Every structure is written in C-alpha cells, then in structure tokens.
Amino acid sequence: MGESIALAMDAGQSVVIVVDGFEPADAGDFTLSVTELPTSELSCDDGLDDDLDGLIDCDDPDCALEVRCTPVCPQGSLGVPPETVYASTVGQLDQQDPGCVQSNAGDLSWEFTAPADGSYTFDTVGSNFDTVLFALDSCGGTELACNDDTVGVRSEITVDLLAGETILVVVDGWSTSEGDVVLNTQ
Numbered sequence: 001m002g003e004s005i006a007l008a009m010d011a012g013q014s015v016v017i018v019v020d021g022f023e024p025a026d027a028g029d030f031t032l033s034v035t036e037l038p039t040s041e042l043s044c045d046d047g048l049d050d051d052l053d054g055l056i057d058c059d060d061p062d063c064a065l066e067v068r069c070t071p072v073c074p075q076g077s078l079g080v081p082p083e084t085v086y087a088s089t090v091g092q093l094d095q096q097d098p099g100c101v102q103s104n105a106g107d108l109s110w111e112f113t114a115p116a117d118g119s120y121t122f123d124t125v126g127s128n129f130d131t132v133l134f135a136l137d138s139c140g141g142t143e144l145a146c147n148d149d150t151v152g153v154r155s156e157i158t159v160d161l162l163a164g165e166t167i168l169v170v171v172d173g174w175s176t177s178e179g180d181v182v183l184n185t186q
C-alpha cells in the first residue's frame, strides 16, 4: 500500500518527512521516492493536471497562449434560412454551457441575424452524435432556448426574433459527446 503527497517548495527549503504506520503493528521496510514535478503544464491537451495546481489543460494559465485554448465566439455566421451548415465539434473547446443539460463537450457557435420578424427553427437532424442545441443573446450571454433530444438524440429549438436581432446558436454535445454537426436553419 502506498501513499503520496505533493508539496510546493522554494529552492533551498528544507523539510522533514515522517514515515509512519496507521496501526502500531505497522512496521517494515519502505521505499521513499522524491520526484521534482513540472512547474507548468507539459501538454495543454492531455486532460491531465501536469503541474498539480488543480487546473487542467486550457483552464491553466500556463496554456493561455495555446491556440486551441483561445476562445473564439462565434466561430461562424448563419445566412438567410433555409440553410444547412456542416462542421465538427471534435477537438473544439467547451466554451458555452447549456442550461438544459450537463455538458463538458466541445461546442461550436454561429451568429444569426433575423432577416425579418418571425419564428426561426434550428435543428441538428443529420448530426452523428447526441447533440444539445441552444441559443444565447450573445457570447456567454443569457440563454433564450435550449433543447436536448427532440428528434431521437438530435435537438431542435425555435426562437422568436425581430428583424435585425442577432443571437448566438450553439451546438454542443450531451455529456462528452462530440462528432459531425449538421445544423439546419428554417
């Protein structure tokens, strides 16, 4: 049975390490290994907290200059309906959070400006993964609509908009689902 600890130390600092057993009868040989840990993230896409600061990959300031860790919102624009766009959430950052389900998957966002007053429907029929679809009034803004699984594991939302009103349409994945996106606008 082994135990481990991590301790941040300054150069030249001394510490005393005590090795003890849980029970009085616990006695015997032991091996004490000391390893210097990295002081920054070694990789910004390995899903690990390499420097043990409690922050993983893009959440760690050490990765702030990495291209894959730089948020982009929106990633594109939608034209006048009807329109279908094709993309992939594989390898994307988790930038926006839906209010209707838990998601830690990468997402994609598109800006949409209503060409006229009316109801606009967006769906992910044709996508090859379990999608979550939601609309925000801006990047990181207030959620206007959210749906998970209207058509099988595909999603659909309808938003009433005034002419010239701009929203953000976001395709996310349920839990950690990711894949090829088909986003239909009507």
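Here the numbering used here is used: the first residue of the sequence shown is 1, the next is one more, and so on.
Ideal placement from N, C-alpha and C gives every residue a C-beta, glycine not left out.
These figures come from a predicted structure and were not determined experimentally.
Could you tell me which of the options sits nearest to residue i, measuring between CA atoms?
i: G76; options: T70, A87 and P82; result: A87
i: P74; options: A105, F112, E41 and G99; result: F112
i: S136; options: G126, I56, D130 and N147; result: Here residue 136 is Leu; the residue named in the question, Ser, does not match the sequence. Cα-wise, what sits closest to L136 is N147.
i: G21; options: G2, Q13 and A11; result: G2
i: S177; options: Q96, T35, I157 and S103; result: S103
i: G141; options: G79, L65 and Q95; result: Q95
i: C58; options: A27, D51, L48 and C69; result: C69
i: A114; options: Q92, A64 and I167; result: I167
i: V153; options: G54, G12 and W174; result: W174
i: A145; options: D26, A25, L48 and I157; result: I157
i: P195; options: L78, D50, F134 and D45; result: Since the first residue shown for the chain is 1 and the last is 186, residue 195 is missing from the structure and cannot be characterised.
Would you mind reading off the limits of the beta strand (DSSP E) that contains residue i?
i: C146; result: E143 to D148
i: G118; result: G118 to D123
i: L183; result: D180 to T185
i: S103; result: No beta strand (DSSP E) contains S103, which DSSP labels as neither H nor E.
i: F30; result: Looking at the DSSP string, F30 is not in any beta strand (DSSP E), and its letter there is neither H nor E.
i: F134; result: T131 to L136
i: L78; result: Neither: L78 is in no beta strand (DSSP E) and is coded neither H nor E.
i: G173; result: T166 to G173
i: A8; result: Here A8 belongs to no beta strand (DSSP E), and DSSP marks it neither H nor E.
Skipping 5 residues on each side, what residues in its chain have a beta carbon closer than 8 Å to that of residue i?
i: M9; result: V15
i: I17; result: L32
i: V19; result: F30 and L32
i: V181; result: V85, Y86, A87, S88, T89, L108, T124, S127, T131 and V171
i: A116; result: A163
Counting only the same chain and skipping the five closest in sequence on each side, list residues whose C-beta sits under 6 Å from that of residue i.
i: Q186; result: P81, P82 and T121
i: D60; result: E41
i: V90; result: E178
Kindly list the residues whose CB is nearer than 7 Å to the CB of residue i, restricted to its own chain and excluding five residues on each side of it in sequence; keep chain order.
i: S4; result: none
i: I56; result: G47, L48 and D49
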